[in-house]
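Accompanying notes for the structure given below.
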Amino acid sequence: MDYKKRNGGPFMGGASQAKRGKTGGEWEDSPSQFEEELSMFDEAEMEAEEMEGQAGHDVIPVGDLFSADLNPRWRRPNAPTLDPSSDKLVFQQIDLDYYLGSAVAGMPGQLQGKVPIIRMFGVTDSGNSVCCHVHGFAPYFFVPAPSGFKADYLSEFQKELNSAVLKDMRSNKDNISITVLAVDITRKESMYGYHGKRILDFLRITMAMPRLIAPAKRLLEQGLKFGPFPLQSYPSYEANIDFEIRFMVDSDVVGCCWIELPKGKYRVSLCQYEVDVGWTDLISHPAEGDWQRIAPLRVLSFDIECAGRKGIFPEPDKDPVIQIASMVQRQGETEPFIRTVFTLQSCASIVGSQILCFTQERQLLQSWAEFLRTVDPDIITGYNIQNFDFPYLLNRAAALKVNLFPYLGRVRGIKSVLKDLNFQSKQMGRRENKTINMEGRVQFDLLQVLLRDYKLRSYTLNAVSFHFLQEQKEDVQHSIITDLQNGNEQTRRRLAVYCLKDAYLPLRLLQKLMCVINYMEMARVTGVPLTYLLSRGQQIKVVSQLLRQAMKQDLVMPVVKTEGGEDYTGATVIEPEKGYYSVPIATLDFSSLYPSIMMAHNLCYTTLLQKGSVEKLGWTPTGDLFVKSTVRKGLLPEILENLLSARKRAKTELKKETDPFKKQVLDGRQLALKISANSVYGFTGAQVGKLPCLEISQSVTGFGRQMIEQTKQLVESRYTISGGYQADAKVIYGDTDSVMVKLGVATVSEAMEIGKEAAEWVSSHFTPPIKLEFEKVYYPYLLINKKRYAGLYFSSSADTHDKMDCKGIETVRRDNCPLVANLINTCLQRILIDRDPKGAVNHAKEVISDLLCNRIDISQLVITKELTRTAQEYAGKQAHVELAERTRSMCWRTTFPLTHNTTWNSSCPNPLRLEATSNNSL
DNA sequence: CAGAGCACCTAA
DNA sequence: TGAGTTAGGTGCTCTG
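Just add 116 to wherever you are in the first sequence, counting from 1, and you've got the numbering used here.
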């Protein structure tokens, strides 16, 4: 009856949901906090600068919108004239692609037909945009030369392959006459397997354009006959490398690095630095020292509103776009310098932002596109722009035949087209995405970033803003948007404030989470373009590093056909001694376990001895053989050493650095380095991947299993009563790279002391850089099961705990309703902090009785898919009963160990569970 | 009603 | 045509 009582709020958020009044959908209009914030921008700017002729908060009649006088901030700063014969051009490259074009006279490379041209987009220190066309770089791959091959046969080979490729083409739209540009002999060695540094002759086959690589590779695999050689199949090497990556690796360019074009080596062709350069002339600066800086990139965030029909999700062929809000900020600054709303119909002014009103939707769309091209952002952000705003705008513009709309990139004449893309991985499952090409601009959809990098309970902009910024959206229900639009200029103003905030929040989040900095650092560390980090998986990052390392030793990467096979054995989880521990439990961890194993044992493609090899130079637990680093040091260990030592450097620099901005960059870097090191192992084990090598991955886990076992033995053998210690140490649990040890001491500080000593002593039994570290003490500690435990975490001080640490329990899982998570969290606090298990039980009983007596709002229960589905199947009261029952059983189950915490073990039956599940009469 | 199989999510 | 790994707890459904 009275279950409407709302005693909740957002999970973990407590009652602070609606601090800002404005609860209902009332239309009363006191200025919101956000409006005050907006007006502050205005005041600050009025003080800082003369009125530039921009009427900050006026409603501007559409007319001379794009004149420099009216909107001086929209355009980029004027670009100083450049004299290629005496000036160099330096810019930070932020995006990179290629296109097929005609050769430019004076530039290296093929002269006739279409040639591939790399295009780098970037920004100079003074904020001028650069489009740099790099000429003369052609795609290539390798095949081993057949035995007895001599230079005399090169032209014969080239001719045969060329005609085979031509014959293979179904149509020849581009009228290609030469497909194979060149064939050369080079001395190379396959990186797969150690074969006594057997450097062989390889044919380096250069093709006219990237898309000819795949057919050439296929034809060579199928078999080619040339000269005196019999028909035979040629395995290919590096024929599956993206052209952009190929270029970057070969010219030592990494994502987001600074590029210098020396004087006399480039030519200017168009406005704001559109230049041509030969590929060997550009200088790429490693991201060190001064070259770590970031150019003043323009970041545009936007949001659109549509007038949908009642209860129907807006459809672009029917429902109009009524508002578009945009905010533009320079990377590194704290406030947006452009704040604009384009509205359909009139709209009352908003202090601190510019309102542009249109009577025709077509004109609104057209003008916004023009606005975007004028502002010329390097990065475009927003919330779900990739799958909603951009597709909607493009489809709407198509429906209204606004033909000049879909040109949103930085290259004149290239139409932005919507495409469906299916992205699938074990990690993320199947994900349907849309893509829009926008040459030279990086689309940084904040929703996509959050889905990739953060595990959250809810990904709505409101929930995310609350979680990270303790701030929320302006309060406007979706259902009233159309009514607001059909009202008057005041109601449309309210909508505009809402829309502006939705454009502003992504910008704030981007800043708070340091997305741009962190992603740039990742691009620099791994060497891939920024856009790859959002559109591609983990593998390409390792490939990029592997190729760079391999090139130094003339090693080439084979193309392997990918087929899934048997899984291999992973890590050991030590059988837990379940229970409640009211004594300190020391935790020892191997730091970077898998990377350090690969380094210590020189595990790599290049050091693997193929089965049947006679030499036995060092065994792995799985019976695979790898040569010692004294024979040949592996590429993967080299990559890992570079990553981890760079991380150490970044961390020491971080400690010294005082400038907060540089600190952020360094922190982003050390994080990127850590993640990169950890993904190398996964790459070798990815059976459907670019270069899987299960010998490496299973040896890594094999060593890991041996090590955790040995660690347990060592600790338990040394810390004994007979060895002079207070008690016999016991490893009560361990997972993959850690052991939890009950040392039998009474205080945290004793546990810390012995823990540190034990870690050091155990480390001495392993090959460097393998290292066991003392990490923390849990006191008290509740061990529920494998991968499920909780405890008070001591590491910085022996007197006070840093936090309550929960692993695998309902409190950290997203497939439980908040009620359960909150309940368990409170119970754990009672047990661990108050040391009052009875209090925990009482609390649980209270909550459950509230639940059974319908005293709890049903909406709190509906969170998991299963529960949602059930709620849909049952109606009204019945749904409540069903949900209550399910939640109740979860509560009983998870609270049970808490009630019997000191004596309970897994062999005991669970009387409460029996009671809970058998008692179905509510 | 046990248990296999599956979905989901987490630990490392 | 692109996708990091295995171990493992828990709840639900289906089946003999």
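The beta carbon of each residue, even a glycine, is placed where N, CA and C say it ideally should be.
query: Top-ranked residue by Cα proximity to residue 605, from 689, 702, 471 and 524; result: 471
query: Between the CA atoms of residue 779 and residue 770 - distance to the nearest angstrom; result: 6 Å
query: Nearest candidate by alpha-carbon position, reference residue 453, set 954, 154 and 811; result: 154
query: Beta bridge counterpart(s) of residue 236 as assigned by DSSP; result: 212 and 248
query: Extent of the continuous beta strand (DSSP E) run through residue 553; result: Per DSSP, residue 553 belongs to no beta strand (DSSP E) and is neither H nor E.
query: Cβ pair residue 667, residue 393 closer than 9 Å; result: no
query: Cβ-based neighbour list, residue 723, same chain, cut-off 7 Å, excluding 5 preceding and 5 following; result: 310, 742, 743, 748 and 750
query: Of the residues 884, 235, 574 and 193, the one placed nearest residue 710, counting alpha carbons only; result: 884
query: Reduced DSSP category for residue 223 - H, G, I as helix; E, B as strand; rest coil; result: coil
query: Beta-carbon proximity of residue 414 to residue 494, cut-off 9 Å; result: yes
query: Beta-carbon contacts of residue 822 that lie in its chain and below 8 Å, excluding the five residues immediately before and after; result: 737
query: Inter-stretch contact (C-beta, 8 Å, three-pair minimum) for the stretch 249 to 257 and the stretch 404 to 418; result: no
query: Touch test, the stretch 199 to 213 against the stretch 345 to 354, Cβ-Cβ under 8 Å, three pairs minimum; result: no
query: Enclosing alpha helix (DSSP H) for residue 695 [first to last residue]; result: Segment 695 to 697 is the beta strand (DSSP E) holding residue 695; no alpha helix (DSSP H) there.
query: Where residue 917 sits in the DSSP three-state scheme; result: coil
query: Separation of residue 577 from residue 150, as counted between CA atoms; result: 16 Å
query: Test item: CB-CB of residue 249 and residue 367 under 9 Å; result: no
query: Where residue 1039 falls, given that 16 or more other Cβ within 10 Å makes a residue buried; result: With the chain represented from 117 up to 1038, any question about residue 1039 goes unanswered, as that position is not in the structure.
query: Beta-carbon proximity check, residue 815 vs residue 719, cutoff 9 Å; result: yes
query: Cut-off 7 Å between Cβ atoms - residues of its own chain near residue 902, not counting five sequence neighbours on either side; result: 689 and 692
query: Residue 333 versus residue 650 - alpha carbon distance; result: 29 Å
query: Residue range of the unbroken beta strand (DSSP E) whose run includes residue 261; result: Segment: none, residue 261 is in no beta strand (DSSP E) and carries neither H nor E.
query: Near the ligand PLP: residue 324 beta-carbon under 8 Å from a heavy atom; result: Absence of the ligand PLP from the depicted structure is noted, as is the absence of any ligand whatsoever, leaving it without description.
query: Selection from 956, 819 and 377 that minimises the alpha carbon distance to residue 686; result: 819
query: Distance between residue 373 and residue 357 (C-alpha atoms, nearest Å); result: 21 Å
query: Boundaries of the alpha helix (DSSP H) in which residue 483 is found, first to last residue; result: 477 to 491
query: Segment contact, 8 Å Cβ cut-off, at least three pairs: the stretch 375 to 382 with the stretch 598 to 614; result: no
query: Residue 344 to residue 229 span [Cα, whole Å]; result: 32 Å
query: Residue ranges of each alpha helix (DSSP H) within the stretch 758 to 813, 4 or longer; result: 776 to 801
query: Given residue 69 as reference, the closest of 739, 439, 872 and 433 once Cα atoms are compared; result: The question about residue 69 has no answer here: the residues shown for the chain are numbered 117 through 1038.
query: Same chain, Cβ closer than 7 Å to residue 861, neighbours up to 5 away in sequence not counted; result: 700, 842, 867 and 870
query: Pick from 706, 726 and 319 that is closest to residue 268, judged by C-alpha positions; result: 319
query: Residue 849, DSSP secondary structure in three states; result: strand
query: Straight-line Cα distance separating residue 927 from residue 960; result: 14 Å
query: Local Cβ density within 10 Å of residue 460, reported as buried at 16 or more and exposed below that; result: buried
query: Cβ neighbour criterion (16 or more within 10 Å) applied to residue 569; result: exposed
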